[in-house]
Amino acid sequence: MKRDFAALQGEFDLLVCGGGIYGAWTAYDAALRGLKVALVEQADWASGTSSASSKLIHGGLRYLETYDFKLVRKALKERQLLLDIAPHRVWPLRFGVAVYDASRNGRMLLKAGLILYDALAGFPGESMRHHYLNSQEFSSRFPFLQKAGLRGGFTYSDAQTDDVRLVLELVAGAMAQGAVCVNYAKLVDWQEEDGKVCGAEVQDVSTGDKQKVRARQCVSTSGRWAQQNWQGRAWCRLSKGVHLVLPALPAQEAVLLTAKKDGRVFFIIPWYGRTLLGTTDTDYRGQVDQVQVEESDIDYLLDAANAYLRQAWGRQDVIGSYAGVRVMKQSNAADPSAASRDWELKTSANGLHHAIGGKLTSAREDAAVIVDAVCARLGVNTACASKGRALPWVPQRDFTVWVSESAASAGGLGIDDESAQWLMRRHGARISDVFEIVRENPQYAARIVPELPFIHADLLLCARDEMAVHLVDLLRRRMPLLILARLDAARLRHLAELLSPVLSWDAQRVTGEVQACLA
């Protein structure tokens, strides 16, 4: 993945503006169909909503309460497809749902909902179906939850991913098929001829250079930035979601709970050796580029969790946090939690296509609809190419055998077991490139932060091959250390100096990159 702003010269069949999950899937599918594609992103890949998710590939159990069966079925279908075509990128995660004396939904209602959830998933294999546990069994499995009033509980399966790395893999896949993909390339304005969009003027954020990109079809997958004009405001509703990062709990399974204050669903999820707590769901009317975690968000989530935890979390336990803005179809629902999470494809009078709303889980199928519309306008008759096709970094041999062999190779190189497991999930078949770095420099098998499963060789590979422009790109998205750990200036400088030969940074640039991470 090499950044080449000059490659945007020439004419393309399709220009996609917005490098989140919808833009990445759209570019990937279109390139697979043989279209000449350009994808531009004003900041870093997945730097907006796509990196602020709950890291779940799921049907959305809570959407059954709003009778959004069509969306749940669609998402569950995509969940299974992604588990099949990307076993390194998407893996099963078991969830617990406790039933207490005071639970809003009792045992029978939850049972009915979980039967329906399994049915909408096509009654998957036994390991993915729901199961009931009595109070003793449930408490043993989730020992961090309070026992008082516990009647029992259920477990069910969904799946987990690293949202940013999913986007990166798709961008890399699009580029491998001939697409030109450039981050830090900001849309200045759409270009029109005879009232129809024919491309865009794009500016290189790093140099200030501008380039007119000509395209026969144009798609905006700009997420929350879609609401910056009157048309977007009529189409979109924004909701802020906040997650907190807390210490690991004694169970590597997730929990779905209901806030006693307002009945909203929230999750406690294991993540890279930490715990994610979230999410909030509140209407957002502020600046889309200034989304902040507020004190009230932290209080809400801690209060919601502490109502169930045996050992309460305090402010001092919060290691990190992040906030994102969901884009939803405009609705009259009083509470954003009741608004549909499905998406829409809008086309302006000038022919510009806009993707509005959507979910991480169902983005592939929605992107296929976008590319179908583009192909129809181009007079190209090609079917969706992403369905059933293994993602680019999937190992090219039996997955179980590959996991076993990779774990053995990692151990032989001095890489600890937990880091090796996450290397497989982060890089797939590219783990061999990490191993090569360690063979040349065995000291890079060491963890960067002792309590987190990230090694130095992993970070060096990301810097070399994943189009990172700034230190924050590497430490927040390629490898989310800035979220999962408290890194001081000295640690940041050490990492920046380690990376400087790969990224051709001088001492002044190193200092600037460190300061930007601390800002």
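Going left to right, the sequence shown walks through residues 0 to 518 as numbering that gives the first Met the number 0 numbers them. All C-beta atoms, glycine included, are put in the ideal place defined by N, C-alpha and C.
task: Answer yes or no: do F68 and L115 have a C-beta to C-beta separation smaller than 9 angstroms?
output: As a working note, residue 68 is residue 69 in the sequence shown. As a working note, residue 115 is residue 116 in the sequence shown. With respect to the 9 angstroms criterion, F68 and L115 are classified as neighbours on the basis of their beta carbons.
Start and end residues, beta strand (DSSP E) containing S405: The residue you call residue 405 lines up with position 406 of the sequence shown. Here S405 belongs to no beta strand (DSSP E); instead the alpha helix (DSSP H) covers 398 to 411.
- prompt: Excluding the five sequence neighbours on either side, which residues of its own chain have a C-beta within less than 7 angstroms of the C-beta of Q216, listed in chain order?
  reply: For the purposes of this step, residue 216 is identified with residue 217 of the sequence shown, where counting begins at 1. For Q216, same chain residues with a beta-carbon under 7 angstroms away, outside a window of 5 residues either side, are D12, L13, V373, R376, L377 in chain order.
task: Would you identify the three-state DSSP class for H493, choosing helix, strand or coil?
output: In the sequence shown, counting from the first residue as 1, residue 493 sits at position 494. In the three-state scheme derived from DSSP, where H, G and I count as helix and E and B as strand, H493 is classed as helix.
task: Might you give, ordered along the chain, the residues of its own chain that have their beta carbon closer than 6 angstroms to the beta carbon of Y155, omitting 5 neighbours on each side?
output: Position 156 of the sequence shown holds residue 155. So the list reads F94, L113, H129, once near-sequence residues are dropped.
- request: Would you check if the distance between the CB atom of L470 and the CB atom of A495 is smaller than 9 angstroms?
  value: Taking the sequence shown and counting its residues from 1, the one referred to as residue 470 is at position 471. Taking the sequence shown and counting its residues from 1, the one referred to as residue 495 is at position 496. Yes.
The region 270 to 280 in contact with the region 236 to 255 per 3-pair CB rule at 8 angstroms: Counting Cβ pairs under 8 angstroms, three or more are found: they touch.
field: Exposure label - P335; buried when at least 16 CB within 10 Å
entry: Position 336 of the sequence shown, counting from 1, holds the residue named residue 335. Burial is judged here by how many other beta carbons sit within 10 angstroms of a residue's own beta carbon; P335 has at least 16 and is buried.
- request: Return yes when the Cβ of R78 is within less than 9 angstroms of the Cβ of T360, no when it is not.
  value: Taking the sequence shown and counting its residues from 1, one reaches residue 360 at position 361. Taking the sequence shown and counting its residues from 1, one reaches residue 78 at position 79. Taking 9 angstroms as the Cβ cut-off, T360 and R78 qualify as a contacting pair.
task: Please work out which residues of its chain come closer than 8 angstroms, Cβ to Cβ, to W229, disregarding the five sequence neighbours upstream and downstream, and give them in chain order.
output: Your numbering for residue 229 matches position 230 in the sequence shown. Any reading at W229 must be qualified, since the residue scores a pLDDT of 48, below 50, and its modelled position is unreliable; the value itself is stated next. Once the five neighbours on either side are set aside, W229 has no close Cβ partner at all.
task: Could you name each continuous alpha helix (DSSP H) segment of 4 residues or more that falls completely within the region 183 to 238, going from the start of the chain to the end?
output: As far as the region 183 to 238 is concerned, its whole alpha helix (DSSP H) runs of at least 4 residues are 229 to 234.
task: Under 8 angstroms by Cβ, that's how I've got V241 and R476 pegged, so tell me the actual separation to the nearest angstrom.
output: As a position in the sequence shown, residue 241 is number 242, starting the count at 1. As a position in the sequence shown, residue 476 is number 477, starting the count at 1. Under the criterion of beta carbons closer than 8 angstroms, V241 and R476 do not qualify as touching, at roughly 18 angstroms.
field: Supposed contact pair L237 and V324 - C-beta distance, whole angstroms, cut 8 angstroms
entry: Here the question's residue 324 lines up with position 325 in the sequence shown. Here the question's residue 237 lines up with position 238 in the sequence shown. With 8 angstroms as the limit, V324 and L237 qualify as a contact, their Cβ atoms being about 5 angstroms apart.
- prompt: Exposed or buried, what is T278 when buried is set at 16 or more other beta-carbons lying within 10 Å of its beta-carbon?
  reply: Taking the sequence shown and counting its residues from 1, one reaches residue 278 at position 279. By the neighbour-count criterion, in which a residue is buried when 16 or more other Cβ atoms sit within 10 angstroms of its Cβ, T278 is buried.
- request: State the Cα-Cα distance for the pair L186 and Q210, rounded to the nearest angstrom.
  value: Here the question's residue 186 lines up with position 187 in the sequence shown. Here the question's residue 210 lines up with position 211 in the sequence shown. Here the C-alpha atom of L186 lies approximately 10 angstroms from the C-alpha atom of Q210.
message: For G387 and G121, I'd like the C-alpha separation in whole angstroms.
response: What you label residue 387 is simply residue 388 of the sequence shown in a count that begins at 1. What you label residue 121 is simply residue 122 of the sequence shown in a count that begins at 1. Annotation: G387 to G121 spans about 17 angstroms, alpha carbon to alpha carbon.
- prompt: Closest to R429 by CA distance: which of P391, T399, V96 is it?
  reply: Start at 1 with the first residue of the sequence shown, and residue 429 comes out as number 430. In this structure, P391 is the residue among P391, T399, V96 with its C-alpha nearest to the C-alpha of R429.
query: Since H353 sits in a beta bridge, which residues does DSSP pair it with?
result: Taking the sequence shown and counting its residues from 1, one reaches residue 353 at position 354. S219, K345.
task: Starting from I56, follow its DSSP beta bridges and name the residues at the other end.
output: In the sequence shown, residue 56 corresponds to position 57, counting from 1. Assignment of beta-bridge partners to I56 by DSSP yields A158.
task: Could you check the C-alpha separation between A5 and A45 for me, to the nearest Å?
output: Taking the first residue of the sequence shown as 1, we reach residue 5 at position 6. Taking the first residue of the sequence shown as 1, we reach residue 45 at position 46. A5 and A45: Cα-Cα distance of roughly 22 angstroms.
query: Mapping DSSP to helix, strand and coil, what is Y99?
result: On the sequence shown, position 100 is the one that residue 99 refers to. Three-state DSSP puts Y99 in a strand.
message: Can you tell me whether I454 is helix, strand or coil according to DSSP?
response: Position 455 of the sequence shown holds residue 454. DSSP places I454 in the strand class (E or B) of the three-state scheme.
query: Can you find at least 3 beta carbon pairs, one from the region 36 to 56 and one from the region 304 to 316, that sit closer than 8 angstroms?
result: Not touching, per the Cβ criterion.
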